[in-house]
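Engineer: Line by line, the protein sequences are chains X and C. Counting from 1, one number per residue, gives the positions in the first sequence under my numbering. Counting from 1, one number per residue, gives the positions in the second sequence under my numbering. Quick reminder that beta carbons are idealized off the backbone N, C-alpha and C, glycines included. Got a structure for you, questions after.
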Amino acid sequence: MAKMLFLPLLILLLFLFECESFSAENPTDRRLLVLVDDLAIRSSHSLYFKFLESRGYVLEFRLADDPKLALQRYGHYLYDGLVIFSPSVQRFGGSLDQAAVLDFVDAGHDLILAADSYASDLIRGIASECGVDFDEDPDAVVIDHVGYAVSEIDGEHTLIAADDFIQSDVILGEKKIEAPVLFRGIGHSVNPASTLVLKVLSASPSAYSASPKTKLSTPSITGSTIALVSVVQARNNARMLISGSLDLFSNRHEKSGNEQFVTEISKWVFHERGHLKAVNVTHHRVAELAEPAMYRINDDLEYSIEIYEWSGSSWKPYVADDVQVQFYMMSPYVLKSLSTDLKGLYFTSFKVPDVYGVFQFKVEYQRLGYTSLSLSKQIPVRPFRHNEYERFIPAAFPYYGASFSTMAGFFIFTIVYLYNK
Amino acid sequence: MAKSTSSDVLTLIRSLRSAYAATPTNLKVVYMGIVGSFPFNSFLSGVLSCVGTAVLAVCLRIQVNKENKEFKDLPPERAFADFVLCNLVLHLVIMNFLG
């Protein structure tokens, strides 16, 4: 009897669990897998993990070389996000490897990757697949003899104070990060041609990346081209955070901006901010309500769309003045900014161009830190029917007159010719 | 004398007719220069009706002229019937093309 009761309860629990996971309607991650080198990180970084748990995430800690590691079972992913806090791991346990991690991201899931001064080739490989290249010299760390942390006056100046943040409220939160971030780790460079990678935290112009032990030759990356923390938003809106320091997330640096920085950026990575959705795309002729299957050239039409932003718990209206719609056939014939009612509705009206063919309504909205919106809706435009033209054109009246007067002239001439014989 | 007078009248009317048919052509070209070529079919039919009528009238005049030896075998009645038929065909086309 007890067994029979237990089974439906289990199914119900599983069902509830499924409902809470990542979906289009509820884009915040829920289940996170945290891979660590040793479980001591759990206590040395406890503030960060406590923050994640307080935001409602379910954390599962595993050793990175655990032989039972698996991201998916029966084709379903078991986790919504992956946190790799194991910079020295040479090879993951179980079925997990570099390709599995990248497949996980390709499936739209999020990733936090922290390297450190002893980052393994595996970690470097994952990072370089994401468009981030760590300094190739295995001994190199970021050194700054000007902007180092005050607590470390003597020594090698490898604990640097960085405050060159990306200017984006959506990535780093509306509140300004008060104190500089203390960073001890390796630097990386991002490909300037890549539009998907963003440097969130850059080093100061006086920094360089080199080994503190050996005599300094020419450093491979210097100054503000050194990225300390970068984010990637893939084309499928999966987000990745790549940090050159695991120490950044630890409890150690109390009097610094570290905690605010990592919590704000984690909110962004796990889709608590900057996730847009567009719904209710409608268009119709002016003074009509139904959506036509086809427009005629020179019709006046109205177009509207609703855009909402995910706030972590509910969809809030998204307010901006730079959303544009294109009326597009090979190239945009009409490009109009949409006006908004500040409640998420964006609308405009315009005249269909004097060209017929198969057009598209297109909204391509890509803004720093926001997920990209890319909508298109196909609509044919036909020319006038033969009975929709004007019967008589005023500009042609002289031509009509000329033709008819020659006919009358012909008639008169015929009569005169016949009766003059 | 009377015969010659009526012949003169005929010649005069014919010349007037040719002149009338040719004049609006120039006027229309000027008008199109001002208004633009929008109803281009109407413009073409207007011009062609004038040009066509002028050409046919000239042809009739050549054929009925007694001094013209080339057409001495052609009776003037036949020439006039040709003229009327051609005009009918021309104006049928013009009406269709006028828009």
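Do X:I242 and X:S230 have their CB atoms nearer than 8 Å?
Structural biologist: Translated into the one-based positions of the first sequence, residue 242 of chain X becomes position 242. Translated into the one-based positions of the first sequence, residue 230 of chain X becomes position 230. Yes. Within cutoff.
Engineer: Going by the DSSP bridge assignment, what does X:L276 pair with across the sheet?
Structural biologist: Start at 1 with the first residue of the first sequence, and residue 276 of chain X comes out as number 276. Bridge partners of X:L276: X:E309.
Engineer: Shortest alpha-carbon distance to X:S189 belongs to which of X:C130, X:T414, X:E178, X:S337?
Structural biologist: The count along the first sequence starts at 1 and reaches residue 189 of chain X at position 189. Considering only alpha carbons, the answer is X:C130.
Engineer: Reducing DSSP to helix, strand and coil, say where X:M294 ends up.
Structural biologist: Translated into the one-based positions of the first sequence, residue 294 of chain X becomes position 294. In this structure, X:M294 counts as coil in the three-state DSSP scheme.
Engineer: List the DSSP bridge partners of X:H188.
Structural biologist: In the first sequence, the residue the question calls residue 188 of chain X occupies position 188. Per DSSP, X:F134, X:A227.
Engineer: Closest to X:R285 by CA distance: which of X:Y303, X:V279, X:L276, X:V269 is it?
Structural biologist: Numbered from its first residue, the first sequence carries residue 285 of chain X at position 285. Nearest C-alpha to X:R285: X:Y303.
Engineer: Applying the criterion that 16 or more other CB atoms from any shown protein chain within 10 Å of the CB defines a buried residue, is X:E288 buried or exposed?
Structural biologist: Looking up residue 288 of chain X in the first sequence gives position 288. By the neighbour-count rule (16 or more Cβ atoms within 10 Å), X:E288 is not buried but exposed.
Engineer: Considering only the alpha carbon of each residue, which of X:Y365, X:V58, X:G75, X:Q90 lies closest to X:L82?
Structural biologist: Your numbering for residue 82 of chain X matches position 82 in the first sequence. Comparing Cα positions, the closest option is X:V58.
Engineer: If you check the beta carbons only, do X:L159 and X:F165 fall under 8 Å apart?
Structural biologist: Counting from one through the first sequence, the residue named residue 159 of chain X turns up at place 159. Counting from one through the first sequence, the residue named residue 165 of chain X turns up at place 165. No; because the gap between Cβ atoms is not below 8 Å, this pair is not in contact.
Engineer: Anyone know if the C-beta pair for X:Y295 and X:V381 falls short of 8 Å?
Structural biologist: Taking the first sequence and counting its residues from 1, the one referred to as residue 295 of chain X is at position 295. Taking the first sequence and counting its residues from 1, the one referred to as residue 381 of chain X is at position 381. Yes. Within cutoff.
Engineer: For my contact list, X:L201 and X:V181 are in at a C-beta cut-off of 8 Å; report their separation, rounded to the angstrom.
Structural biologist: Your numbering for residue 201 of chain X matches position 201 in the first sequence. Your numbering for residue 181 of chain X matches position 181 in the first sequence. That belief holds up - the Cβ atoms of X:L201 and X:V181 are roughly 6 Å apart, short of 8 Å.
Engineer: Taking Cβ-Cβ distances below 7 Å as the criterion, which residues of the stretch 388-409 of chain X are in contact with chain C?
Structural biologist: Listed by position, the residues of the stretch 388-409 of chain X near chain C (Cβ gap below 7 Å) are I393, A395, A396, P398, Y399, Y400, A402, S403, T406, M407, G409.
Engineer: If you measure between the beta carbons of C:I34 and X:S403, is that distance less than 8 Å?
Structural biologist: In the second sequence, residue 34 of chain C corresponds to position 34, counting from 1. In the first sequence, residue 403 of chain X corresponds to position 403, counting from 1. For C:I34 and X:S403, no; Cβs fall outside 8 Å.
Engineer: Starting from the C-beta of X:D133, find all residues in its chain whose C-beta is less than 7 Å away, skip the five residues before and the five after it, and write them out in chain order.
Structural biologist: What you label residue 133 of chain X is simply residue 133 of the first sequence in a count that begins at 1. Same-chain partners within the cutoff: H188, S189.
Engineer: Could you check whether the Cβ of X:Y417 sits closer than 8 Å to any Cβ belonging to chain C?
Structural biologist: Taking the first residue of the first sequence as 1, we reach residue 417 of chain X at position 417. Chain C contact via Cβ: present.
Engineer: Between C:T91 and the rest of its own chain, which residues show a CB-CB distance below 8 Å, the 5 nearest in sequence each way excluded?
Structural biologist: The sequence position of residue 91 of chain C within the second sequence is 91, counting from 1. For clarity, residue 91 of chain C is His in the given sequence; the question names Thr instead. Excluding positions up to five away in sequence, the list reads S49.
Engineer: Measuring CA to CA, which of X:F410, X:G56, X:I265 is closest to C:V55?
Structural biologist: In the second sequence, residue 55 of chain C corresponds to position 55, counting from 1. If we check each option's Cα against that of C:V55, X:F410 comes out closest.
Engineer: Which residues in the same chain as X:G108 place their Cβ atom closer than 6 Å to its Cβ, once the five residues preceding and following it in sequence are excluded?
Structural biologist: Position 108 of the first sequence, counting from 1, holds the residue named residue 108 of chain X. Hits under 6 Å: N236, A238.
Engineer: Using a C-beta to C-beta distance shorter than 7 Å, which residues of chain X count as neighbours of C:I94?
Structural biologist: For this step, residue 94 of chain C is matched to residue 94 along the second sequence. Ordered by position in chain X, the residues that pass the 7 Å Cβ test against C:I94 are S403.
Engineer: Helix, strand or coil for X:Q378 per DSSP?
Structural biologist: Taking the first residue of the first sequence as position 1, residue 378 of chain X is located at position 378. Of the three classes helix, strand and coil, the one that applies to X:Q378 here is strand, per DSSP.
Engineer: Tell me the residue span of the beta strand (DSSP E) that contains X:R239.
Structural biologist: Residue 239 of chain X sits at position 239 when you count from the first residue of the first sequence. Start and end: 239-243.
Engineer: Looking at C-alpha atoms only, which residue of X:V142, X:L248, X:S245 is the closest neighbour of X:A203?
Structural biologist: Here residue 203 of chain X corresponds to residue number 203 of the first sequence, with the count starting at 1. With distances taken between Cα atoms, X:A203 lies closest to X:V142.
Engineer: Check distances from the C-beta atoms of the stretch 307-340 of chain X to those of chain C and list, in chain order, the residues that come in under 8 Å.
Structural biologist: If the cut-off is 8 Å between Cβ atoms, the stretch 307-340 of chain X has nothing near chain C.
Engineer: Check each residue of the stretch 26-58 of chain C: if its Cβ is closer than 7 Å to any Cβ of chain X, include it; give the result in chain order.
Structural biologist: Hits within the stretch, in order: K28, Y31, V35, F38, P39, S42, F43, S45, G46, S49, C50, T53.
Engineer: Got a sec, what are the start and stop residues for the beta strand (DSSP E) X:I84 sits in?
Structural biologist: For the purposes of this step, residue 84 of chain X is taken as residue 84 along the first sequence, with counting starting at 1. First-last of the beta strand (DSSP E) with X:I84: 81-85.
Engineer: Near X:K377, which residues of its chain fall below 7 Å by C-beta distance, leaving aside the five closest residues on each side in sequence?
Structural biologist: Here residue 377 of chain X corresponds to residue number 377 of the first sequence, with the count starting at 1. Cβ within range, chain order: V281, Q360, F361.
Engineer: Express the C-alpha separation of X:L33 and X:E259 in angstroms, rounding to a whole number.
Structural biologist: For this step, residue 259 of chain X is matched to residue 259 along the first sequence. For this step, residue 33 of chain X is matched to residue 33 along the first sequence. One C-alpha to the other measures close to 21 Å.
Engineer: Give a yes or no on whether 8 Å exceeds the smallest Cβ distance from C:I13 to chain X.
Structural biologist: Within the second sequence, the letter at position 13 stands for residue 13 of chain C. Yes, C:I13 lies at the interface with chain X (some Cβ there is under 8 Å from its Cβ).
Engineer: Would you mind working out which of X:S337, X:V232, X:D300, X:P332 sits nearest X:V269, comparing C-alpha positions?
Structural biologist: Along the first sequence, read from residue 1 onward, the residue named residue 269 of chain X stands at position 269. Minimum Cα distance to X:V269 is reached at X:V232.
Engineer: Strictly below 7 Å CB to CB, what residues from chain X border C:R17?
Structural biologist: Position 17 of the second sequence, counted from the start, is the residue given in the question as residue 17 of chain C. Near C:R17 (Cβ distances below 7 Å), the residues of chain X are G409, F413.
Engineer: My understanding is that X:A278 touches X:L368, with C-beta atoms under 8 Å, so please give their C-beta distance in whole angstroms.
Structural biologist: For this step, residue 278 of chain X is matched to residue 278 along the first sequence. For this step, residue 368 of chain X is matched to residue 368 along the first sequence. About 18 Å separates the two Cβ atoms, so there is no contact after all.
Engineer: Alpha carbon to alpha carbon, what distance is there between X:E272 and X:N387?
Structural biologist: Along the first sequence, read from residue 1 onward, the residue named residue 387 of chain X stands at position 387. Along the first sequence, read from residue 1 onward, the residue named residue 272 of chain X stands at position 272. If you take the alpha carbons of X:N387 and X:E272, they lie about 57 Å apart.
Engineer: So the beta strand (DSSP E) X:E364 belongs to, where does it begin and stop?
Structural biologist: Taking the first sequence and counting its residues from 1, one reaches residue 364 of chain X at position 364. Looking at the DSSP string, the run of the beta strand (DSSP E) that includes X:E364 is 357-365.
Engineer: Taking 8 Å as the threshold (C-beta atoms), are X:D139 and X:S211 in contact?
Structural biologist: As a working mapping, residue 211 of chain X is identified with position 211 in the first sequence. As a working mapping, residue 139 of chain X is identified with position 139 in the first sequence. Yes, these two residues count as a Cβ contact at 8 Å.
Engineer: Alpha carbons only, please: which of X:E390, X:D321, X:I186 is nearest the one belonging to X:I307?
Structural biologist: As a first step, residue 307 of chain X is located in the first sequence; it is residue number 307 there, counting from the start. Considering only alpha carbons, the answer is X:D321.
Engineer: Taking the CB atoms as reference points, tell me whether X:A179 and X:S54 lie closer together than 8 Å.
Structural biologist: Counted from its first residue, the first sequence places residue 179 of chain X at position 179. Counted from its first residue, the first sequence places residue 54 of chain X at position 54. Going by C-beta atoms, X:A179 is not nearer than 8 Å to X:S54.
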